[in-house]
Amino acid sequence: MYKLGPSLMCADLVNMERDIRALEEAKVDFYHIDIMDGKFVPNFTLGPDFVSAVKGLTSTPLDVHLMIEEPERYIDLFIEAGADMISVHQESTKNLQRVLNLIRNKGIKAGVAVNPATSLEFLDYIYDVTDYVVVMTVNPGFAGQKFIPSMYDKIKELKEKITAYGRPIEIQVDGNIGAETIPGCLNNGADMYVLGTSAVFRSDNTLQQNVANTRKLFDKGAEV
Ligand code: DX5
Ligand code: ZN
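Mind the numbering: the sequence shown is residues 3 to 226 in our numbering, read in order.
Structural data, given as structure tokens:
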């Protein structure tokens with residue numbers, strides 16, 4: 003079953019409550035919240051105060067994507083703010099297995115995000131402590147970039163590895179997920195879809211309508 007998660011960095015930052023109310027009506031499955039430190043990626047976005055403010059508006063799970071160096075320093079902060087799941091980048095820590103354990107031991111889901119150039123081999127020994135893998139389909143840092151086509155093969159390879167491993171681990175795709183790219187991601191086995199400027203935060207329609215149109219792509223994909 004696929005899950006849809008709007009990327010809140012792409013929402014209207016001065017009308018966040020209005021946007022979240024609309025997305026609640028559209029019954030999205032999770033909210034994706036991008037955290038950047040200006041070092042791991044060359045940009046800044048949201049922070050723990052934003053996470054706790056959103057927590058006050060919804061009981062839909064909050065998925066915090068940490069694009070920061072040494073994420074182990076801030077896990078507690080984001081859990082206290084209300085994160086229900088946290089992903090850290092494989093490239094951002096020297097102690098990936100420890101960070102994943104740290105997150106899971108607090109009773110929330112732990113994800114590993116991998117940049118487009120990162121090989122899946124780095125995940126071979128951590129599937130037992132991983133709840134989801136985020137395949138970055140663009141280089142992290144900015145919304146509105148182009149999907150990197152070789153990521154379809156990466157999703158497929160990851161799906162095969164997870165199936166062979168035998169424990170349920172979800173595959174999340176993040177970056178330029180929309181009408182052009184959803185069919186390929188779905189056919190290769192992605193489960194969780196981060197929806198940014200390409201699918202939901204578009205000015206040509208309401209947020210509810212954009213979510214509804216996105217759902218139609220999945221119904222079509224399932225028929226193929
Ligand atoms: C990229 C972020 C994404 C991004 C998705 O660094 O992690 O969540 O906002 O937005 P689009 O769909 O515009 O790529
Ligand atoms: Zn993200």
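In this text, a Cβ means the ideal position worked out from N, Cα and C, and glycines have one as well. No experiment lies behind these values; they were computed from the predicted model shown.
Does any CB atom of chain D fall closer than 9 angstroms to the CB of residue i?
i, result
"Gln211", "Absence of chain D from the displayed structure is noted, only one protein chain being present."
Residue i to residue j, Cα distance in whole Å?
i, j, result
"Thr243", "Ile184", "The structure shown has nothing for residue 243, since the chain only spans 3 to 226."
"Ala85", "Asp31", "14 angstroms"
"Val101", "Tyr127", "14 angstroms"
"Val53", "Leu15", "13 angstroms"
"Arg75", "Asp36", "17 angstroms"
"Glu159", "Ser152", "11 angstroms"
"Cys12", "Leu98", "28 angstroms"
"Glu56", "Glu82", "The displayed chain sequence assigns Val, not Glu, to residue 56. Cα-Cα distance, rounded: 13 angstroms."
"Gly58", "Ile150", "36 angstroms"
"Leu104", "Ala181", "36 angstroms"
"His34", "Ala119", "22 angstroms"
"Thr132", "Ser89", "10 angstroms"
"Gly186", "Asn17", "33 angstroms"
"Ile22", "Asn212", "14 angstroms"
"Ala214", "Asp221", "11 angstroms"
With distances taken between CB atoms, is the gap from residue i to residue j smaller than 9 angstroms?
i, j, result
"Ala201", "Thr216", "yes"
"Asp65", "Gln174", "yes"
"Glu27", "Gln210", "yes"
"Ile164", "Val137", "no"
"Leu197", "Leu6", "yes"
"Val155", "Asn190", "Inspection of the sequence shows that residue 155 is occupied by Asp rather than by Val. The answer is yes: Cβ separation under 9 angstroms."
"Ser9", "Ala145", "yes"
Measuring CA to CA, which of the options is closest to residue i?
i, options, result
"Gly168", "Leu15, Asp130, Thr47 and Arg100", "Asp130"
"Asp78", "Lys108, Val137 and Ser61", "Lys108"
"Thr139", "Val43, Gly177 and Gly49", "Gly177"
"Pro63", "Phe42, Met69, Lys29 and Gly143", "Lys29"
"Gly143", "Met69, Ile157 and Asp21", "Met69"
"Asn141", "Asp21, Pro44, Leu6 and Asp51", "Pro44"
"Tyr4", "Glu172, Ser205 and Leu122", "Glu172"
"Asn207", "Asp133, Glu182, Ala24 and Val135", "Ala24"
"Thr274", "Leu122, Phe80, Arg20 and Leu125", "Residue 274 lies beyond the residue range present for the chain, which begins at 3 and ends at 226; the question has no answer from this structure."
TODO: Tell me, please, whether the stretch 108 to 127 touches the stretch 84 to 95 by the rule of three or more beta-carbon pairs shorter than 8 angstroms.
DONE: yes
Task: Ordered list of beta strand (DSSP E) runs contained in the stretch 170 to 207, each at least 3 residues - done: 172 to 176 and 194 to 197
- [ ] Give, in chain order, every unbroken run of the beta strand (DSSP E) that is at least 3 residues long and sits entirely within the stretch 63 to 142.
- [x] For the beta strand (DSSP E) assignment, the uninterrupted runs of no fewer than 3 residues enclosed by the stretch 63 to 142 are, from N- to C-terminal side, 64 to 69, 87 to 91, 111 to 116 and 134 to 138.
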